[in-house]
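In what follows, a structure is listed as structure tokens, so that the remarks can point back to it.
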Amino acid sequence: MLVSLNEVLKPAKENKYAIGLFNTVSLEMAKGVLAAAEETQSPVIIGTAEVLLPYAGLEELAYFLIPMAKKASVPVVVHFDHGLSENMIKKAIDLGF
Numbered sequence: 001m002l003v004s005l006n007e008v009l010k011p012a013k014e015n016k017y018a019i020g021l022f023n024t025v026s027l028e029m030a031k032g033v034l035a036a037a038e039e040t041q042s043p044v045i046i047g048t049a050e051v052l053l054p055y056a057g058l059e060e061l062a063y064f065l066i067p068m069a070k071k072a073s074v075p076v077v078v079h080f081d082h083g084l085s086e087n088m089i090k091k092a093i094d095l096g097f
């Protein structure tokens with residue numbers, strides 16, 4: 001299930017556990033992160049960073065990350081990490097990050 005960062009951080013703080021953020025640049029990486037999160041029934045943050053965009057474009061990542069997060073059986077935050085330019089940050093938000 002696709003959720004916001006606030007939705008997973010409050011319970012984590014209250015119950016004293018961490019939530020991993022895993023930057024992904026491929027479908028295979030995303031599948032691995034989500035499989036592990038579902039196996040352990042753990043919320044997860046899947047991200048990418050602007051410096052990683054040469055390896056996978058933002059639109060390409062959004063194309064598979066957002067639907068995968070929505071279908072997951074655990075809470076999944078899709079996060080754009082360390083945006084360097086205002087235009088790219090706005091684009092990430094528009095794409096659903």
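Numbering (the working numbering), first residue to last: 1 to 97.
Don't be surprised by glycine CBs; every beta carbon is placed ideally from N, CA and C.
Suppose you measure from the CA of residue i to the CA of residue j; what does that come to, to the nearest Å?
i: residue 75; j: residue 42; result: 8 angstroms
i: residue 48; j: residue 97; result: 9 angstroms
i: residue 95; j: residue 33; result: 21 angstroms
i: residue 55; j: residue 30; result: 14 angstroms
i: residue 80; j: residue 90; result: 10 angstroms
i: residue 58; j: residue 13; result: 30 angstroms
List the endpoints of the continuous alpha helix (DSSP H) containing residue i.
i: residue 61; result: 58 to 71
i: residue 49; result: Where residue 49 is concerned, there is no enclosing alpha helix (DSSP H), although the beta strand (DSSP E) it sits in stretches over 44 to 49.
Using the three-state DSSP reduction, which class does residue i fall into: helix, strand or coil?
i: residue 8; result: helix
i: residue 32; result: helix
i: residue 27; result: helix
i: residue 53; result: coil
Compute the distance between the beta-carbons of residue i and residue j, then report whether it is under 8 angstroms.
i: residue 69; j: residue 2; result: yes
i: residue 78; j: residue 46; result: yes
i: residue 141; j: residue 4; result: Since the first residue of the chain shown is 1 and the last is 97, residue 141 is not available in this structure.
For the beta strand (DSSP E) that contains residue i, what are its first and last residues?
i: residue 82; result: Careful: residue 82 lies outside any beta strand (DSSP E) and carries neither H nor E.
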